[in-house]
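For the sequence shown, our numbering assigns the number 366 to the initial residue and increments by one for each residue that follows.
All remarks here apply to the structure that follows.
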Amino acid sequence: MDSILQILVLTAFLAGGALCVPLRLSPPPKVTDIFIKIALWALLFVMGFRTGNDPEVASRIGQIGIVGAAAAAVSLAGTLAAILAGYAFLGLIHRGVPKTGRRSLPEDRAETGSAPGSGSQLRTSLLLLSVVAAGGIAGAILPPLEGIDLGRITGWVLNALLFFVGMQFAQSGISFKAVFLRPDTLMIPVATAVGSILGGLVLGPLFRLPAGHAMSLTAGFGWYSLSGVLIANLGNPVLGSAAFLANLFRESLAFLTIPLLARTARPYLAIGAGGATAMDVTLPLIEQCVGPESVPASFASGALLSLSVPVLVPFLFGLGG
366 MDSILQILVL TAFLAGGALC VPLRLSPPPK VTDIFIKIAL WALLFVMGFR
416 TGNDPEVASR IGQIGIVGAA AAAVSLAGTL AAILAGYAFL GLIHRGVPKT
466 GRRSLPEDRA ETGSAPGSGS QLRTSLLLLS VVAAGGIAGA ILPPLEGIDL
516 GRITGWVLNA LLFFVGMQFA QSGISFKAVF LRPDTLMIPV ATAVGSILGG
566 LVLGPLFRLP AGHAMSLTAG FGWYSLSGVL IANLGNPVLG SAAFLANLFR
616 ESLAFLTIPL LARTARPYLA IGAGGATAMD VTLPLIEQCV GPESVPASFA
666 SGALLSLSVP VLVPFLFGLG G
């Protein structure tokens with residue numbers, strides 16, 4: 366129920382931003398782009414601060430960080446492999462599966478990660494990682510903040526960010542119908558789920574985990590605030606902590622790899638890298654790097670994956686014995 370409510374709230378902010386354009390309440394596109402950049406950096410800083418300022422998270426990193434990092438890596442690798450396999454399959458039944466995803470970007474996006482050349486993409490990734498690291502360092506230095514709900518602050522920054530993303534999509538003039546007629550729009554979330562879960566199988570022999578438990582670690586698709594709690598409530602708090610870190614690390618890897626994946630022949634790989642967060646936290650970065658036409662497909666992919674997490678995680682965990 367919570368995941369459905371979250372999707373409705375995020376949809377409302379996206380739609381609200383988009384409605385500002387026909388009502389002539391939106392700023393010029395360049396100003397919208399600046400607002401998105403500022404809000405994105407603020408969101409990443411607060412996320413890093415929350416991680417560094419939480420003593421419980423710090424202790425978890427020391428105990429089970431290796432398992433979490435490995436789970437994040439195999440989850441992302443499995444996702445990318447499955448999406449590429451999906452494109453190969455679509456190529457057999459559809460001639461000329463679209464490879465576009467960047468043509469609608471204005472040329473003034475150089476600083477946000479859409480400038481031509483891999484060097485710019487790498488600089489963007491490192492810049493975003495630096496913002497998160499700066500927040501983490503600040504959080505670690507300062508004592509735990511009492512009376513300040515950082516989760517609520519993060520939520521409102523995210524809502525503002527999606528409001529401007531919706532506005533920018535409407536300003537681009539791209540058709541929803543054209544996006545959803547792409548044969549890869551549904552393939553992306555399906556391949557992301559299959560690739561992430563199958564990637565988790567690698568963890569079994571590495572860390573002596575039952576296959577079901579290993580797959581449940583990677584079935585959160587980056588939604589760390591839910592998957593870890595689900596597994597802990599199922600009676601395995603240690604594995605729950607590993608799931609928390611696995612999905613936290615996957616989200617961090619997404620911020621690092623999305624600008625790079627957007628430069629490939631299949632820029633929608635960036636949507637798969639975002640996993641469940643493609644509908645919220647990583648959506649603005651995907652929109653900036655891939656293009657405004659990626660917004661509907663990205664949101665739909667993240668929403669479908671988010672709805673599947675409360676079902677898949679307990680189911681797979683139950684297979685572990």
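No residue lacks a Cβ here, since even glycine has one placed at the ideal position from N, Cα and C.
**Prompt:** Any idea what DSSP makes of tyrosine 687, helix, strand or coil?
**Reply:** The structure shown has nothing for residue 687, since the chain only spans 366 to 686.
**Message:** On the DSSP letters alone, give me the boundaries of the alpha helix (DSSP H) that arginine 615 sits inside.
**Reply:** 602-626
**Message:** DSSP three-state label for valine 646, please.
**Reply:** coil
**Item:** Those runs of the alpha helix (DSSP H) which lie wholly inside the stretch 523-563 and span at least 4 residues
**Value:** 541-545
**Message:** Counting C-beta neighbours from all protein chains within 10 Å, is the total for proline 570 16 or more, i.e. buried, or is it exposed?
**Reply:** exposed
**Request:** Pick helix, strand or coil for leucine 470, following the three-state DSSP scheme.
**Result:** Because leucine 470 sits at a pLDDT of 40, beneath the cut-off of 50, its placement in the model cannot be relied upon, and the point is left open.
**Message:** For arginine 415, report the span of its alpha helix (DSSP H) as first-last.
**Reply:** 394-417
**Item:** Residue environment, aspartate 549, which counts as buried when at least 16 other CB atoms sit within 10 Å
**Value:** buried
**Item:** 7 Å Cβ shell around isoleucine 623 - same chain, five flanking residues per side excluded
**Value:** Ala635, Ala638, Gly639, Thr647, Leu650, Ile651 and Cys654
**Asked** Which residues in the same chain as proline 499 place their Cβ atom closer than 8 Å to its Cβ, once the five residues preceding and following it in sequence are excluded?
**Response** The sequence as given places alanine at residue 499; proline does not occur at that position. For alanine 499, where only same-chain residues beyond five positions count, the Cβ hits under 8 Å are Phe410 and Gly413.
**Request:** State the DSSP-derived secondary structure class of valine 678, mapped to helix, strand or coil.
**Result:** helix
**Item:** Exposure of glycine 538, with buried meaning 16 or more beta-carbon neighbours within 10 Å
**Value:** exposed
**Request:** Kindly list the residues whose CB is nearer than 6 Å to the CB of phenylalanine 614, restricted to its own chain and excluding five residues on each side of it in sequence; keep chain order.
**Result:** Gly433, Ala434 and Ala437
**Item:** Burial state of asparagine 731, where buried means 16 or more other Cβ atoms lie within 10 Å
**Value:** Any property of residue 731 remains undetermined from this structure, which presents the chain solely from 366 to 686.
**Request:** Using alpha carbons as the reference points, say which of Ser391, Val678, Gly605 and Leu370 lies closest to phenylalanine 528.
**Result:** Ser391
**Asked** Of the residues Arg628, Ala383, Pro387 and Asp419, which one's Cα is nearest the Cα of aspartate 514?
**Response** Asp419
**Message:** With a threshold of 7 Å between beta-carbons, can phenylalanine 410 be considered close to chain B, or not?
**Reply:** In the displayed structure, chain B is absent; only one protein chain is listed.
**Asked** Got a sec, what are the start and stop residues for the alpha helix (DSSP H) alanine 579 sits in?
**Response** 576-583
**Request:** For leucine 375, collect the residues of the same chain with a Cβ closer than 7 Å to its Cβ; drop the 5 residues on either side in sequence, then sort them by chain order.
**Result:** Leu527, Met644 and Asp645
**Asked** DSSP three-state call for tyrosine 452: helix, strand or coil?
**Response** helix
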